[in-house]
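Novice: With this note's numbering, you'll find the sequence shown wraps up at 358, consecutive numbering, no jumps.
Before anything else, here's the structure in question.
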Amino acid sequence: MENDRKNVPKWHEAVLGDGNRIMSRETKEIHCEFEAVLGKNCPRLWQRFQDDGNVSRCYSTGRPRVTTPNEDRYLAVTAKRNRRTTASDLSRQLSSATGTTVSRQTVYRRLGHIDLYARRPVRCVPLTATHCRLRLAWSREHALWTPQQWSCVMFSVVSRFSLQSDSRRTFIWRAPGSRYHQENTTERHRYGGAGWLVWGGIILGSRTGLHVQSVTIIGHIYRDVILEQHVRLFRGAMGAEFLFMDDNARPHRANVVDECLQSEDITRMDWPAYSPDLNPIEHV
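Quick look at the structure:
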């Protein structure tokens, strides 16, 4: 063994010596860091062991809540009273009323705990008491219809697609399942600006083609294009049980349209006014 050491070149001994010195310095640095950590934690661990005989990590509740239960209720009541107020406005109102300053995200979290979330309001047409009464009567009349009866109904709609932007950036505070509540809707009659008109119809297991045009659909166009080219064909295929639904628009009630429906023996389904949400094609 001694002979082997004697045979080791001196340059190799120099390298080994430098490596040992480097490892020695790294070991000392790690030892110093370890002592620094232990110097901070050991007294606390020793004191905890003397107090309750336990050195495991204690349960922590985290950062204290910045708002009290009363302030949380204040946010909830304010949001429900004015559903179109923003989170920033709620934060400012809370600060003005209680002196507590919170962020927008805190407002979102507090309202989320009671199932209030920022959502866009549903748009609907203005309804009078008469409209509501007729809609309810129609719904009750058709509530017990069988799938066979509904399979004979063609639902149709004429939709107008605006070419102008319609930014719906207004949000409201509402709970899940309350989308169609009156306080969560925005009334609007029609789109503004230029656009295209699209007509379509659906029936159980089938549908019509889409008719697109840029001009207003009047009675003659509705008869010649919609009834003659689409509805009449479905009436011939399904027979006398066929029912045709339209949305009571003025072109749909023109005399030329009534005469065409009568000549083709097409039965029109009674439909309450201002009831686009009852039409299943609106949800397709």
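Even for Gly, the Cβ is constructed at its ideal location relative to N, Cα and C.
This one's a predicted model, so the numbers in the text were calculated from it and none came from an experiment.
1) Alpha carbon to alpha carbon, how far is R118 from R158?
2) Among residues of its own chain, excluding the 5 on either side of Q223, which ones have a beta-carbon nearer than 6 Å to its beta-carbon?
3) Contact check, R193 vs I276 under 8 Å by CB: the rounded distance?
4) Where does L190 fall in DSSP's three states?
5) If I measure Cβ to Cβ from R248 and keep anything under 6 Å in the same chain, skipping five residues before and after, which residues do I get?
6) Give, in chain order, every unbroken run of the beta strand (DSSP E) that is at least 3 residues long and sits entirely within the segment 251-313.
7) If you follow the alpha helix (DSSP H) that C198 is in, where does it begin and where does it stop?
8) Rounded to whole angstroms, what is the Cα-Cα separation between H294 and V330?
9) So, do the segment 303-314 and the segment 333-344 have three or more beta carbon pairs nearer to each other than 8 Å?
10) The alpha helix (DSSP H) that contains W212, what's its start and end?
11) So who's on the other strand from F316, going by DSSP bridges?
12) Taking the DSSP output, what are the residues bridged to I246?
13) Kindly list the residues whose CB is nearer than 6 Å to the CB of S363, restricted to its own chain and excluding five residues on each side of it in sequence; keep chain order.
14) Just verifying my parser: in three-state terms, what is the DSSP assignment at T172?
15) Can you tell me whether C206 is buried or exposed, with buried defined as 16 or more other CB within 10 angstroms of its CB?
16) Grouping DSSP H, G and I as helix and E and B as strand, with all else coil, what is F108?
17) Is P354 closer than 7 Å to F229 when the C-beta atoms are compared?
18) Can you say whether D321 is buried or exposed, counting buried as having 16 or more other CB atoms within 10 angstroms of its CB?
19) Alpha carbon to alpha carbon, how far is D351 from T260? Give it in angstroms, no decimals.
20) Exposed or buried, what is E215 when buried is set at 16 or more other beta-carbons lying within 10 Å of its beta-carbon?
21) Does S349 come out as helix, strand or coil in the three-state DSSP assignment?
22) Report, in whole angstroms, the separation of the C-beta atoms of L317 and V227, which I expect to be a contact under 8 Å.
23) Please state the DSSP three-state secondary structure of R131.
24) Between T142 and G173, what straight-line distance do the alpha-carbon atoms span, to the nearest angstrom?
25) What is the C-beta distance between T152 and Q167, in whole angstroms, given that I count them as a contact (C-beta under 8 Å)?
26) Whole-angstrom Cβ separation of S165 and R178, contact assumed at under 8 Å?
27) Could you tell me which of Q121, W270, Q124, R309 sits nearest to S233, measuring between CA atoms?
Specialist: For this structure:
1) 52 Å
2) none
3) Beta-carbon to beta-carbon, R193 and I276 are separated by about 28 Å, too far to satisfy the 8 Å threshold.
4) coil
5) If the five residues before and after R248 are omitted, its C-beta is found closer than 6 Å to the C-beta atoms of R193, N258, all from its own chain and listed in chain order.
6) 259-261, 269-277, 285-287
7) Counting along the chain, C198 falls outside any alpha helix (DSSP H), though it belongs to the beta strand (DSSP E) covering 196-198.
8) 7 Å
9) Cβ pair count under 8 Å is three or more, so yes.
10) 203-215
11) Looking at the DSSP assignment, F316 forms no beta bridge with any residue, so it has no partner.
12) DSSP output for I246 lists R193 as bridge partner(s).
13) The question about residue 363 has no answer here: the residues shown for the chain are numbered 75 through 358.
14) In the structure shown, T172 sits in a helix (DSSP, three-state: H, G or I).
15) exposed
16) Low local confidence applies: a pLDDT of 47 at F108 is under 50, so the model's placement there is unreliable, with the coordinate-based value given in what follows. Three-state DSSP puts F108 in a helix.
17) yes
18) A buried status is given to D321, since no fewer than 16 other beta-carbon atoms sit within 10 Å of its beta-carbon.
19) Going by C-alpha positions, T260 is about 14 Å away from D351.
20) exposed
21) coil
22) 5 Å
23) coil
24) 12 Å
25) 6 Å
26) Their Cβ separation, rounded to whole angstroms, is 6 Å, which keeps S165 and R178 in contact under 8 Å.
27) W270
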